[in-house]
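Q: I have a structure here, written as structure tokens, and I will follow up with some questions on it.
In the UniProt record's numbering, the protein residues as written are 1 to 89.
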């Protein structure tokens, strides 16, 4: 599933409650959609900021602690690289 398909799916999906939304994100995860794809789904489905979608995705009880640590580490690395780019400008 590519990003455009994720966005289309997000716009078409109507969750009745948070539990249904969580189940949908778990379904995407089980289909090997990466965390970034799950975040994009939440962002488009809920019409929220990227930052809020990332936070909500991490708050779901579908990630192991090892996955959370890896996601957080990747996020910190990305922020650090953005900061380096800004410092060099």
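All residues carry an ideal CB built from backbone N, CA and C; glycine is no exception.
Owing to the predicted nature of the structure, the values given are computational and were not obtained by experimental measurement.
Check this for me: beta carbons of residue 26 and residue 13, under 7 Å apart or not?
A: no
Q: Can you tell me whether residue 31 is buried or exposed? The criterion is at least 16 other CB atoms within 10 Å of its CB, across all chains shown.
A: The residue is exposed, with fewer than 16 neighbouring Cβ atoms inside 10 Å.
Q: Within its chain, find whatever has a CB closer than 7 Å to the CB of residue 67; leave out the 5 residues flanking it on each side and keep chain order.
A: none
Q: Determine whether the beta carbon atoms of residue 42 and residue 65 lie at a separation below 7 Å.
A: no
Q: Decide if residue 44 is buried, meaning its Cβ has at least 16 other Cβ atoms within 10 Å, or exposed.
A: buried
Q: Report buried or exposed for residue 28, applying the criterion of at least 16 other Cβ atoms within 10 angstroms of its Cβ.
A: buried
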